[in-house]
Amino acid sequence: MNSYIGVKENVKVFFYQDRIIIKNIYSDAYFIVGKEVGFILYLISKNKRIDELIENIGYLYDIPVSKAKDILFKTIELLKDYIKISDKEFKRGEILLDFEDLKLCRTFKDLKQKSEYPTEIVLYLTKHCIRNCLYCKEKAVTDNGIEKDNFFLDIDRLEALVNEQRNVTDWVLTGGEPLLHPNIIQISGLIKRRSNAKLSIATKGVPDLQIIKLLCDESLIDCFCFSLDSIQPDTVNYLSGSETTFSDISNCIKLVKDAGIEININTVLTTKNYLQINDIVEFCKTNQIPKINFLVAEEKGRCRDFLLLNNEQILFCKETIKELAIRYHQYTMPVLKVKDKFNNCYNCSNLYNRLIIKYDGSVELCNGKYLGNLDGNTIKNVWDKFAL
Ligand code: SF4
């Protein structure tokens with residue numbers, strides 16, 4: 001009983017949206033637990049020795065030591081891949097939980113259902129884009145301006161939508177190219193004013209830096225997720241069908257970095273860039289960019305066949321990214337997202353809490369399932385209509 005306990009060195013426990021996540025920071029495997037197990041993890045973070053931990057569980061639950069022991073060992077059995085017990089002190093992973101998190105997170109029973117209300121809302125602001133990416137799955141429109149009946153041109157409707165939000169913790173603006181939306185400043189400002197949630201924008205950069213400068217100066221965006229497929233200008237420009245993409249993205253990254261705003265990188269892996277993963281991760285390490293999402297190009301939209309990776313190449317990407325995640329986890333975190341045949345990402349629970357609103361007001365789940373339209377409807381009405 002005098003042994004020591006903690007999460008393994010490669011493990012991080014944190015509160016995200018309304019749940020507690022235990023994550024292997026090397027492999028990106030994760031496990032979601034409810035309030036009950038979260039509370040024991042919280043106590044593990046406060047008590048290194050098992051005997052003291054049991055005593056504390058007994059005291060806080062007001063139960064005898066034998067029962068407290070029982071609870072602890074059941075938890076250890078459940079989390080055996082993530083917890084370490086040793087006779088000696090050892091280097092622990094991080095448990096970043098506080099008492100407020102435990103109050104807010106869902107119980108185990110609740111976790112098995114979709115959230116009552118989406119916790120993440122993604123706004124596809126427009127189809128309009130100045131690039132012509134060979135792998136674009138949205139079939140972005142490059143020759144016209146903004147859609148005439150674009151849902152987000154009506155600020156009153158958007159305001160009603162933002163006002164309706166309940167426990168939304170993340171808003172994401174995407175497209176097309178969201179920075180081209182004529183109301184981008186108003187939309188960002190509205191979301192920032194009316195909610196405490198994190199606001200991110202996914203962009204491939206634009207030549208006119210004024211708009212980004214304004215968003216940064218007014219602190220309207222919390223995180224810029226730049227789409228950067230390579231650090232070689234030729235590869236980026238070729239894949240995006242534009243001679244200026246690389247310099248546009250580089251200028252935008254510099255501006256946002258100088259403003260001290262969080263940056264993430266999204267990289268679409270194709271046959272043209274999958275051998276450059278190392279360089280992209282190195283770039284993120286050097287520029288203190290904490291997260292890189294690698295996505296495998298999909299057979300969708302106008303993606304050309306010759307760009308699609310075969311199984312062997314995907315396996316190579318998985319191994320490379322895993323190896324880099326281990327090597328660089330203190331600096332940056334590369335993550336590979338691969339979809340299954342139902343269009344869901346492996347190891348992902350976004351289906352239960354993420355809602356996508358498109359430029360025409362239609363609403364989808366993150367696997368593309370159509371749920372309805374916001375014309376005359378509230379988000380809650382549309383969300384309630386689907387059952388998993
Ligand atoms: S920048 Fe995005 S929306 Fe525009 S063409 Fe490329 S993938 Fe499509």
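Quick note: the sequence shown, position 279, residue 279 per full-length UniProt numbering, numbers continuous.
For every residue, glycine included, the Cβ atom is placed at its ideal position computed from N, Cα and C.
Throw me the rounded Cβ distance for the L125 and Y359 pair, which I believe falls under 8 Å.
6 Å
Three-way DSSP call (helix, strand, coil) for T244 in this model:
coil
What do you reckon, is the C-beta of G189 under 7 Å from a heavy atom of the ligand SF4?
no
Given L123 as reference, the closest of D384, I379, F386 and K385 once Cα atoms are compared
I379
Leaving out five residues before and five after I212 in sequence, what residues of the same chain have Cβ atoms less than 6 Å from its Cβ?
C252 and L255
Separation of C105 from M333, as counted between CA atoms:
25 Å
Straight-line CA distance for S200 to N183?
16 Å
I'd like to confirm the pairing. Which residues does DSSP put opposite residue 400 in its beta bridges?
With the chain running from 1 to 388 in the structure shown, residue 400 is simply not present.
Under a three-way DSSP split, which group does P334 fall into?
strand
Under the three-state DSSP convention, the category R157 falls into:
helix
Test item: CB-CB of G176 and K137 under 8 Å:
no
In three-state terms, what does DSSP make of F14?
strand
Return the CA-CA distance between R49 and I326, expressed in angstroms with no decimal places.
28 Å
Thinking C-beta only, is I25 closer than 8 Å to H329?
yes
Exposed unless 16 or more other CB atoms sit within 10 angstroms - verdict on D101
buried
D154 versus K69 - alpha carbon distance
59 Å
Among N367, E312, V382 and N264, which residue has its Cα nearest to the Cα of I361?
Ile is not the amino acid found at residue 361; the sequence shown has Gly there. For G361, the nearest C-alpha among the options comes from V382.
Cβ contact (3+ pairs, closer than 8 Å) linking the stretch 278-289 and the stretch 233-246
no
Using the C-alpha atoms, what's the distance from T142 back to I265?
23 Å
Contact check, L374 vs L365 under 8 Å by CB: the rounded distance?
L374 to L365, Cβ: 15 Å. No contact.
What does DSSP give as the partner residue(s) for L269 in the beta ladder?
V296
Would you say A197 and T169 are within 8 Å of each other, going by their C-beta atoms?
yes
Cα-Cα separation between I20 and F73, rounded to whole angstroms
19 Å
Looking only at C-alpha atoms, which of Y352, K91 and Y59 sits nearest to Q12?
Just to set this straight, residue 12 is Lys in the shown sequence, not Gln. Considering only alpha carbons, the answer is K91.
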